[in-house]
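*Asks:* In numbering that gives the first Met the number 0, the protein residues as written are 0 to 242. The C-beta atom is built at its ideal place from N, Cα and C for all residues, glycine as well. Small disclaimer: the values here were computed from a predicted structure and weren't measured. Encoded as structure tokens, here's the structure I'll be asking about.
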Amino acid sequence: MVTSRVETRAKELVFVLEDEADVARIICGTLKQFDFETEHFSHGHEILRRITRKMPAICLVDLGLPDLDGLEVLRQLQESGAATIVLTGRGDVTDRVLGLELGADDYIVKPFAPRELVARISCVLRRLQKSTSIGSHNVAHFSGWTFDVDAHRLISPEGEHVSLSRAETQLLELFARAPNRVLTRAYILDVTGGAPTFDRTIDVRVSRLRQKLESDPQNPRILRTVYGSGYLFTSTVRWTKAH
């Protein structure tokens with residue numbers, strides 16, 4: 000029996016991008032039982048057109064689409080600021096990794112139980128709510144960089160603006176709020192709500208951050224690996240309010 004504990008938000012709008020009608024019907028039916036509103040799309044161009052008019056709380060995205068490349072649709076949804084969960088087949092490890100590299104907030108493997116689907120959506124929404132309510136000091140300064148959490152943006156020591164996905168922002172904020180402290184993969188997964196059976200997601204996202212932060216990502220100075228333990232953010236951080 001599904002408990003009410005996962006029923007954490009009422010009437011949040013979920014966009015469901017799924018070209019298999021039977022699967023979409025099950026997903027939408029499940030979400031409506033838990034007081035989510037849903038809009039279903041069978042084609043990538045439909046959801047991209049719709050999101051310019053209405054922003055959902057989250058998008059569920061099946062990457063196997065009949066009209067557009069699913070990863071390109073995911074990228075455009077990320078650029079719009081939407082939270083995303085990738086729907087993927089059991090053996091589609093590559094799609095999972097690519098989706099996470101593009102900034103998806105989570106993934107779920109088909110077939111999935113209704114409880115898992117609702118729990119994962121609720122988990123992502125709770126994380127987003129927490130990240131916007133931590134406090135007013137949401138701009139970090141470290142090693143010449145400026146990191147604006149709310150804007151999902153880095154400004155390099157040279158003044159170049161570097162955009163971050165929602166997932167990258169969440170991970171960098173976690174490191175920046177715990178400088179000079181080793182964070183284990185288990186801890187990061189627990190805080191970010193990741194799947195413990197696929198902790199390579201952390202490595203993928205750390206690698207993406209290094210590509211943006213480090214002058215030599217192969218020999219990082221800011222975000223270091225502590226072998227056998229986890230990761231260490233080595234910079235001194237000063238937090239200020241956004242202007």
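Which runs of the beta strand (DSSP E) at least 3 residues long sit entirely within the region 128-194? Give them in chain order.
*Replies:* The qualifying runs are 138-141, 144-147, 152-154, 160-162 and 181-183.
*Asks:* Are the CB atoms of A82 and V123 within a distance shorter than 8 Å?
*Replies:* Within the sequence shown, numbered from 1, the residue matching residue 123 stands at position 124. Within the sequence shown, numbered from 1, the residue matching residue 82 stands at position 83. Contact: yes.
*Asks:* Could you give the residue range of the beta strand (DSSP E) that holds H39?
*Replies:* In the sequence shown, residue 39 corresponds to position 40, counting from 1. H39 -> beta strand (DSSP E) spans E36 to F40.
*Asks:* Suppose the cutoff is 8 Å on Cβ atoms and the five residues either side in sequence are ignored; what does the same chain contact list for A254 look like?
*Replies:* This structure gives no information on residue 254, because the portion of the chain shown stretches from 0 to 242.
*Asks:* Less than 8 Å between the C-beta atoms of R74 and L101, yes or no?
*Replies:* In the sequence shown, the residue the question calls residue 74 occupies position 75. In the sequence shown, the residue the question calls residue 101 occupies position 102. Taking 8 Å as the Cβ cut-off, R74 and L101 qualify as a contacting pair.
*Asks:* Quick one: grab the DSSP three-state call for R220.
*Replies:* The residue given as residue 220 occupies position 221 in the sequence shown. Note: R220 maps to coil in three-state DSSP.
*Asks:* Report yes if the C-beta distance between G229 and V181 is below 8 Å; otherwise report no.
*Replies:* On the sequence shown, position 230 is the one that residue 229 refers to. On the sequence shown, position 182 is the one that residue 181 refers to. A contact, by the Cβ cut-off of 8 Å.
*Asks:* Pull up the CB-CB distance for I107 and L76, whole angstroms please, since I reckon it's below 8 Å.
*Replies:* Your numbering for residue 107 matches position 108 in the sequence shown. Your numbering for residue 76 matches position 77 in the sequence shown. Not really, about 16 Å apart at Cβ, beyond 8 Å.
*Asks:* Are the region 142-150 and the region 50-66 touching by the rule of at least three beta carbon pairs closer than 8 Å?
*Replies:* No, the region 142-150 does not touch the region 50-66.
*Asks:* How far does the beta strand (DSSP E) with K109 in it extend, from its first residue to its last?
*Replies:* Numbered from 1 along the sequence shown, position 110 holds the residue referred to as residue 109. Start and end: D105 to K109.
*Asks:* Using DSSP's beta-bridge definition, name the partner residues of L59.
*Replies:* Residue 59 sits at position 60 when you count from the first residue of the sequence shown. DSSP output for L59 lists V15 and I84 as bridge partner(s).
*Asks:* Apply the 10 Å Cβ neighbour rule to E167 and answer buried if 16 or more other Cβ atoms are within range, or exposed otherwise.
*Replies:* The residue given as residue 167 occupies position 168 in the sequence shown. So E167 counts as buried.
*Asks:* Across the region 201-208 and the region 183-193, are there enough close Cβ pairs to call them in contact, namely three or more that are closer than 8 Å?
*Replies:* Result yes; three or more Cβ-Cβ pairs closer than 8 Å.
*Asks:* Is it right to say R220 is buried, meaning 16 or more other beta carbons lie within 10 angstroms of its own, or is it exposed?
*Replies:* The residue you call residue 220 lines up with position 221 of the sequence shown. When all chains shown are included, R220 counts as exposed.
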